[in-house]
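Single-structure report; data block below.
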Amino acid sequence: MSTFQIAGWGSALPEKVVTSAELAVKFGVDEDWIVSRCGIRERRWVEAGQTTASLATDAGRAALDRAGLSGADVAHLIVATATPEQPSPATSAFVHHELGIAGSAHDVNAECAGFVYALIMAAALMRMDPRPILIIGSDTHSLTTNPEDRDLGILVGDGAGAVVLTPGVDEWLLGWDMGADGSRTNSLKVLAGGSRLPTSEQTVRDGLHYAQINGNEIYLNAVRLTIGTVRRTLSSAGVDVADIDVVIPHQANIRIIKSIAEHTGMVQEQLFTNLDRYGNTASASIPIALTEAIESGRVTEGDVVLLAGFGAGMTWASMLLRWGGTKVAA
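At position 213 of the sequence shown the residue is numbered 200 (the working numbering), and the sequence of numbers has no breaks.
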């Protein structure tokens, strides 16, 4: 069986910046209320011609370039998204074509936990098939949010992030956990557009193709479930919270992040956040933050790095890595 290494990383963000000051005027609230409520000062939204697949393609290309690979070298492509290019085929099919990928392609929809889900799946796949795997998280929730929905409108941002896994000699993976609770599907949902409620003139009139959120339920479960997955991952790795160098959480809401940190014993110096500039980019938030942490020098060789995400469903996943790997006994 083969270990893996993260050989490349990259991100893609729209140029359009939407500030909390602008949204404060739109929704009739104070800018300070938005910032204190979610910790976001600005976010990026796509413009005409930009899509989930186009952002994913740009991020994937950047990660491949960093790894010194081309699409033809990729054995498997996994795209994590909850805002697909279209209902069918999968978003990964469009990215597969644009990047000239030779191998397989499929999507993962675990909402905001999707990237870590995909990364765990890729790590398992690498042990069976030790060839390059491209993992991308990409979402454009500005397009699926009701323009008049204040609660979601102040949160969402668009973007994509990607990593490339290649076979490695040293062991990067220290521990992982993933799971779901399907009894909580009503906390964040899009009702129309599937087989349960096909799109019709009536569903469009009723706005049922827009996302709907129960903010209090999301907050309580996000904190509880993320605490649980972090503790299980650390336990499986035999690592204490104090031993973590960098924590990259899903960039959902600063209050959620602070509450998770408080209940798990994390300190501010361990946390890497950028949601103040990008908002909640869903499946893309962790790979965007990881890319920024690497390129800014916040993550360096030998660091113990924790990735932790949660999403609608509810879903959760976490992964603990030794950046650069741990020597494996011959």
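For every residue, glycine included, the Cβ atom is placed at its ideal position computed from N, Cα and C.
- If you draw a straight line from the Cα of residue 286 to the Cα of residue 292, it is about 8 Å long.
- The three-state reading of DSSP puts residue 30 in strand, counting E and B together.
- In the DSSP assignment, residue 2 falls outside any alpha helix (DSSP H) and carries neither an H nor an E.
- Going by DSSP, residue 14 is part of no beta strand (DSSP E) but of the alpha helix (DSSP H) stretching over 7 to 14.
- In the displayed model, residue 108 falls within a helix according to three-state DSSP.
- Where residue 297 is concerned, the enclosing beta strand (DSSP E) starts and stops at 291 to 298.
- In the DSSP assignment, residue 45 falls within the unbroken alpha helix (DSSP H) covering 39 to 54.
- The count of Cβ pairs closer than 8 Å, one atom from the stretch 248 to 265 and one from the stretch 117 to 127, stays below three, leaving the stretches out of contact.
- In the structure shown, the three-state DSSP call for residue 17 is coil.
- Using a Cβ-Cβ distance cut-off of 8 Å, the stretch 15 to 32 and the stretch 183 to 190 are not in contact, since fewer than three pairs of beta carbons, one from each stretch, lie closer than that value.
- Taken atom to atom, the span from the alpha-carbon of residue 280 to that of residue 302 is near 25 Å.
- Your pair residue 102 and residue 296 checks out as a contact, with CB atoms roughly 7 Å apart and the cut at 8 Å.
- Of the other Cβ atoms in all chains shown, fewer than 16 fall within 10 Å of the Cβ of residue 222; this residue is therefore exposed.
- Beta-bridge pairing by DSSP links residue 152 to -7 and 120.
- For the options 304, -1 and 62, the alpha carbon positioned closest to that of residue 31 is the one of -1.
- C-alpha of residue 112 to C-alpha of residue 66: approximately 15 Å in a straight line.
- Judged by their CB atoms, residue 145 and residue 73 are not nearer to each other than the 9 Å cut-off.
- Scanning the stretch 227 to 300 from its first residue to its last, the whole beta strand (DSSP E) runs of 3-plus residues come out as 233 to 236 and 291 to 298.
- Less than 9 Å separates the beta-carbon of residue 198 from that of residue 131.
- In the three-state scheme derived from DSSP, where H, G and I count as helix and E and B as strand, residue 63 is classed as strand.
- The stretch 71 to 88 makes no contact with the stretch 254 to 271: fewer than 3 CB pairs, one atom from each, lie closer than 8 Å.
- Within the model, the alpha-carbon separation for residue 179 versus residue 163 is close to 34 Å.
- Across the structure, residue 142 and residue 152 are spaced so that their CA atoms are roughly 30 Å apart.
- Taking C-beta atoms as the reference points, residue 87 and residue 49 fail to come closer than 9 Å.
- Listed in chain order, the non-local C-beta contacts of residue 208 below 7 Å within the same chain comprise 171, 174 and 301, local neighbours out to five positions each way being set aside.
- Within the model, the alpha-carbon separation for residue 15 versus residue 136 is close to 12 Å.
- One alpha carbon belongs to residue 82, the other to residue 155, and they sit about 25 Å apart.
- Separation of residue -6 and residue 53 (C-alpha to C-alpha, rounded to the nearest whole angstrom) is 7 Å.
- Taking the C-beta atoms as reference points, residue 119 is found nearer than 9 Å to residue 60.
- In the DSSP assignment, no residue is bridged to residue 186.
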